[in-house]
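Report on the following structure.
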Amino acid sequence: MALSWNDIRARAATFARDWQDETQENAGAQTFWNEFFNVFGVDRKRVAVFEKKVGKVSGVSGRGRIDLLWPGRLLAEHKTRGKDLDAAFTQAQDYFAGLEEHERPAYVVVSDFARIRLYDLEAETHIEFPITEFPQHVERFGFIAGFQQRHFREQDPVNVKAAEQMARLHDQLEKSGYKGHQLELLLVRLLFLLFADDTGLFDQKGIFYDLIEATRKDGTDLGPVLAKLFQVLDTPLDRRQTTLDPRYAAFPYVNGELFRERIDLADFDAGMREHLLGASSLDWGKISPAIFGAMFQGVMDPAERRALGAHYTSEANILKALGPLFLDELKAMREAARGNKDKLQRFLNLLPTLRFLDPACGCGNFLILAYRELRRLELDALAELHRGHTLLNIGEVLKVNVGQFYGIEYEEFPAQIARVAMWLTDHQMNVEASLLLGQPFVNLPLADAAHILHGDALEADWEAHLNLAADADGLTQLYITGNPPFVGSYLMSPEQKRQVLALFDGNNEAGVLDYVTAWYMKSARLMRKIDRTWPHIRVATTLVSTNSIVQGEQVPPLWTEILENYGNAITAAHQTFAWSNDAPGRAGVHCVIIQFQPVKAAPIKRRLFTYANVKSAPTEQEARYINAYLLDGPAVIVRKQRKPMVAGVNQLVYGNKPADGGHLILHTEAELNEFLADEPGAKKFIKKLLDAQDFLKGQTRWCLWLVDAEPSELRKLPRVLERVQKVKQVREESKSPIIRKFASIPALFVQRPHVDTTYLVVPAHTSERREYIPFGYMDGETVINNALFMVPEADLFTFGVMTSRAHMDWMRLTSGRLESRYRYNKELTYNTFPWPDRRTLAAKQVQAIEAAAQAVLDARAKHPNSTLADLYDPNLMPLDLRKAHDALDRAVEACYRKAAFKSEAERVAFLLDEYQKLAPTLLTPAAKPAKKRIRKAAAD
4 MALSWNDIRA RAATFARDWQ DETQENAGAQ TFWNEFFNVF GVDRKRVAVF
54 EKKVGKVSGV SGRGRIDLLW PGRLLAEHKT RGKDLDAAFT QAQDYFAGLE
104 EHERPAYVVV SDFARIRLYD LEAETHIEFP ITEFPQHVER FGFIAGFQQR
154 HFREQDPVNV KAAEQMARLH DQLEKSGYKG HQLELLLVRL LFLLFADDTG
204 LFDQKGIFYD LIEATRKDGT DLGPVLAKLF QVLDTPLDRR QTTLDPRYAA
254 FPYVNGELFR ERIDLADFDA GMREHLLGAS SLDWGKISPA IFGAMFQGVM
304 DPAERRALGA HYTSEANILK ALGPLFLDEL KAMREAARGN KDKLQRFLNL
354 LPTLRFLDPA CGCGNFLILA YRELRRLELD ALAELHRGHT LLNIGEVLKV
404 NVGQFYGIEY EEFPAQIARV AMWLTDHQMN VEASLLLGQP FVNLPLADAA
454 HILHGDALEA DWEAHLNLAA DADGLTQLYI TGNPPFVGSY LMSPEQKRQV
504 LALFDGNNEA GVLDYVTAWY MKSARLMRKI DRTWPHIRVA TTLVSTNSIV
554 QGEQVPPLWT EILENYGNAI TAAHQTFAWS NDAPGRAGVH CVIIQFQPVK
604 AAPIKRRLFT YANVKSAPTE QEARYINAYL LDGPAVIVRK QRKPMVAGVN
654 QLVYGNKPAD GGHLILHTEA ELNEFLADEP GAKKFIKKLL DAQDFLKGQT
704 RWCLWLVDAE PSELRKLPRV LERVQKVKQV REESKSPIIR KFASIPALFV
754 QRPHVDTTYL VVPAHTSERR EYIPFGYMDG ETVINNALFM VPEADLFTFG
804 VMTSRAHMDW MRLTSGRLES RYRYNKELTY NTFPWPDRRT LAAKQVQAIE
854 AAAQAVLDAR AKHPNSTLAD LYDPNLMPLD LRKAHDALDR AVEACYRKAA
904 FKSEAERVAF LLDEYQKLAP TLLTPAAKPA KKRIRKAAAD
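My numbering applies: residue 4 is where the sequence shown begins, and numbers increase by one.
Written out as structure tokens, the structure is:
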């Protein structure tokens, strides 16, 4: 089984430590590279050779020797510490002339022990870093481990400039009172005209710019000029007056209903005219309709505009979805048809039989890119098929058209943009066709249009919109794709909640599902209908979603339906990555991409894209089976349990919930001292209070813990009574009926599971950067709030197993996320974890875990000035603590099996199998074993 990125990073850290002081090239270069390959679990001897002789070296006479060559993949040159790496790279390049074509590498790496520099020749990029930072950059070498590095194109900055100009024009028009549908339609028409003016859609390039420039500088006649132009563009040539002003007569008939509706005349001023001229002066031929469309929509929302250029869906991310869905397969078919006219013609005949639906299309960016890529495949095949022949009419051989593309969009303005943007893309592709096939082609008047429905996708009839009843015989494949809205289950409106529950047939568990899951269910329903009614049509769905739908409590209700009840398989997936570009003040969206289709049509080989971190490039692995957690592992869905599934395991308990409006809490030492100075009699009722941040960062607050306070005592404490009265008022005014009930006991926390003995503390939320969630012990004088869990009477065995890598891997699998942070789940993580059953363990195995657990606590105690947040920062973790955790991991894993786990994936697969064995029946509780006494160093 392949190593996980966590395993590779751990090996990289060891490698960096071992080699950071080496100096001499000849002393250890070959050993260096052998161990370098071993970081990725690859035996160098199987793939690469040392001292490869090269017959012809560029720029020099004679022969040369390449330090290391992996034919077709990697060339390495090694130098003594401090030598010039630029010279090493030049030397590496010189060897290329002496290599056969198939031997030439995609990557070059040069090193002098102290530094490593990697060149990606395909992407034309390179990176250099000190060897000590190798673990932070190890994902860039994923190709060594068999991961496929994927490169995606990003946007052109001209898109941002164009959107900014349109934003200014929009603001000025709206400020003047020109608003709503009229303004939206005006902007969409201007978008079409600006694009057409620069790209040859009109016979005379720049004709629209000239028309605007000829208007008065004060802008007073610009509105009437545009109104006249819109009327002309909607009038066929044979119906125009012979006396029409030549400035307008030069424009073609557009059709497509874009200019049919009459809108109110817009009154422009000098500033508005300048903004329109500024937009027109840009080179719209370089603008991507896919990217600009989303930005253009953003001009309508000032809040969105502050992040202009950062909130859009990038082409790179869209292609991650479209590649596995259809594009990669079609590219492979195109390559297989090279040199074979019959295959080429069959390939070309296939393309018009494909249909595409984006049921949350926004401005159409998914549809636009799908159409563009489909047209390019068609053009490439046509160019080969007709090479050496003159085509009299290009339009007769171009069969792919915008009418194959369908979308549904809730808002009117983006729906209009999507329809226009598809026409713009169609023209871009016609320009490419003209250049490639040697004959000009302009598709005017517009005949076909993308089918964009303005409406609620969850209420719309997708089958009717796709016109399947009439068109099914001519179709071979339907692809559903898009980026439905991100709305968490707790943020949905009542209407959105109703829609989700209705699609899941009222399933009680569906109440935890995010809004996006409704698109999954609606897609599954349509796919099943197609599979039963028109079995000749292949159908697959790829959707972008927040990663919460493959974590924790959302997994059972969603994926039981999609995979089990509707008979689908996940055939490709991207694990969690950051979808949006960074922008000041904006939280990142952590997403997954999931492709699913009916099991009977699913390919044997599944494609899984993994990420070393959420901002890294994806690496592709072939998977045997992709489960609901987007792992190559068993087909298991972990379900909630009300109590631990293994006998003898302590209960995990929620922390104490104040619901007090802050009135029972003293937040600082100064506030505490001031309060006690006024109310010294309250000292006996003061306890330390911790939330998750306090626990991790070594901070302390205090609270009034009045559980045992007698009424007669409280009556003598006016400052305490004043706070209690405020708590009562807060609870009485609460929107929650449950909290209002607790107004009758305002002196107490609403939940009070606190114990007066030592207990184990478990943070409910913690950073995803940490390899281990820091658990720790507290005594009865400290109260924890409901941002923490506790395990009363937790012994060293319990602490050891919970702190182990096995439990951490299980947590990452089953717990949810808050953005990307871990959100520990009692019923799905703690209660379902397949603990080593100490009733069946040898005494020495239990003792080994207890000793290793105590060693972790002792290692922490050696760093009294460091907080848990400091100690468990992956870049700062002390060596003695890391070694203690490594020993604890080995002790726990030895209780599962003798052979060590090679990777995180193997460990999780094993735990899922163990869970599967436990799931059918809950074990009956047994008598609790004696607790091992915790030494003083255990206290945090």
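Quick reminder that beta carbons are idealized off the backbone N, C-alpha and C, glycines included.
Taking 9 Å as the threshold (C-beta atoms), are residue j and residue i in contact?
i    : j    : result
I321 : L360 : no
R192 : L261 : yes
P795 : V656 : yes
R14  : V50  : no
E435 : R378 : yes
K803 : A746 : In the sequence as displayed, the identity of residue 803 is Gly instead of Lys. The answer is no: Cβ separation not under 9 Å.
T549 : I597 : no
V753 : K686 : no
H430 : N446 : yes
L717 : W705 : no
C364 : G485 : yes
E896 : F904 : yes
E264 : L325 : no
G783 : V765 : no
E80  : A95  : yes
Just to confirm my understanding: we take residue i, look at its own chain, exclude 5 residues before and 5 after, and list those with CB closer than 6 Å. What are they?
i    : result
K532 : none
A872 : L699 and K700
A750 : L709 and V727
L333 : L380
A19  : I134, T135 and F137
E625 : K608
W537 : A475
Tell me whether residue i is buried or exposed, calling it buried when 16 or more other Cβ atoms sit within 10 Å of its Cβ.
i    : result
I741 : exposed
D267 : exposed
T806 : buried
I130 : exposed
S317 : buried
Q578 : buried
Q2   : The structure shown does not extend to residue 2, since the chain is modelled only from 4 to 943, so the question has no answer here.
Y825 : buried
D694 : buried
R276 : buried
R863 : buried
Could you tell me whether the Cβ of residue i comes closer than 9 Å to any Cβ of chain C?
i    : result
A252 : Structure shown: chain C not included; a single protein chain is present.
Whose C-beta lies closer than 8 Å to the C-beta of residue i among residues of the same chain, with five residues either side of it excluded?
i    : result
F53  : Q33, W36, D70 and L71
Q919 : P637 and V639
L925 : Here L925 scores only 37 on pLDDT, less than 50, and its place in the model should not be relied on; the value that follows carries that caveat. For L925, where only same-chain residues beyond five positions count, the Cβ hits under 8 Å are Q644, K646 and M648.
G406 : D451, A452, A453 and H454
K719 : G684
Go through its chain and collect everything with a Cβ distance to residue i's Cβ below 7 Å, but skip five positions before and after it.
i    : result
Y251 : K231, L232 and V235
Q442 : L394 and I397
A117 : R84, P133 and I134
G570 : P601 and V602
**Segment contact, 8 Å Cβ cut-off, at least three pairs: the region 385 to 393 with the region 405 to 425** = no
**Message:** Extract the residue ranges of the alpha helix (DSSP H) inside the region 830 to 888, only unbroken runs of 4 or more that lie entirely within it.
**Reply:** 846 to 864 and 871 to 874
**Request:** For the region 510 to 521 and the region 466 to 480, state whether three or more C-beta atom pairs, one from each stretch, are separated by less than 8 Å.
**Result:** no
**Prompt:** Taking one C-beta from the region 594 to 610 and one from the region 637 to 650 each time, how about it: are there three or more such pairs within less than 8 Å?
**Reply:** no
**Inside the region 694 to 722 only - beta strand (DSSP E) runs reaching at least 3 residues** = Taking only runs of at least 3 residues, the beta strand (DSSP E) segments lying wholly in the region 694 to 722 are 704 to 707.
**Prompt:** At a cut of 8 Å, does the region 717 to 737 reach the region 812 to 827 through at least three beta carbon pairs?
**Reply:** no
**Item:** the region 274 to 286 touching the region 200 to 219, judged by at least three CB pairs closer than 8 Å
**Value:** Flag = yes, the region 274 to 286 and the region 200 to 219 touch.
**Prompt:** Can we say the region 543 to 563 touches the region 619 to 632, given the rule of at least three CB pairs closer than 8 Å?
**Reply:** Verdict: yes, contact present.
**Prompt:** Should the region 838 to 858 be called in touch with the region 786 to 800, which here means at least 3 C-beta pairs below 8 Å?
**Reply:** yes
**Message:** Check whether the region 731 to 741 and the region 763 to 779 are in contact - that is, three or more C-beta pairs closer than 8 Å.
**Reply:** no
**Prompt:** What runs of the alpha helix (DSSP H), each 4 residues or longer, lie entirely inside the region 91 to 160?
**Reply:** 137 to 140
**Prompt:** In chain order, which beta strand (DSSP E) runs of at least 3 residues are fully inside the region 622 to 662?
**Reply:** 622 to 626
**Prompt:** Can you give, in chain order, each stretch of the beta strand (DSSP E) that sits fully within the region 739 to 783 and has at least 3 residues?
**Reply:** 762 to 766 and 779 to 781
**Asked** What are the complete beta strand (DSSP E) segments, minimum 3 residues, inside the region 501 to 575?
**Response** 541 to 549
**Message:** Contact between the region 180 to 196 and the region 414 to 431 is defined here as three or more beta-carbon pairs at a separation below 8 Å; is this criterion met?
**Reply:** yes
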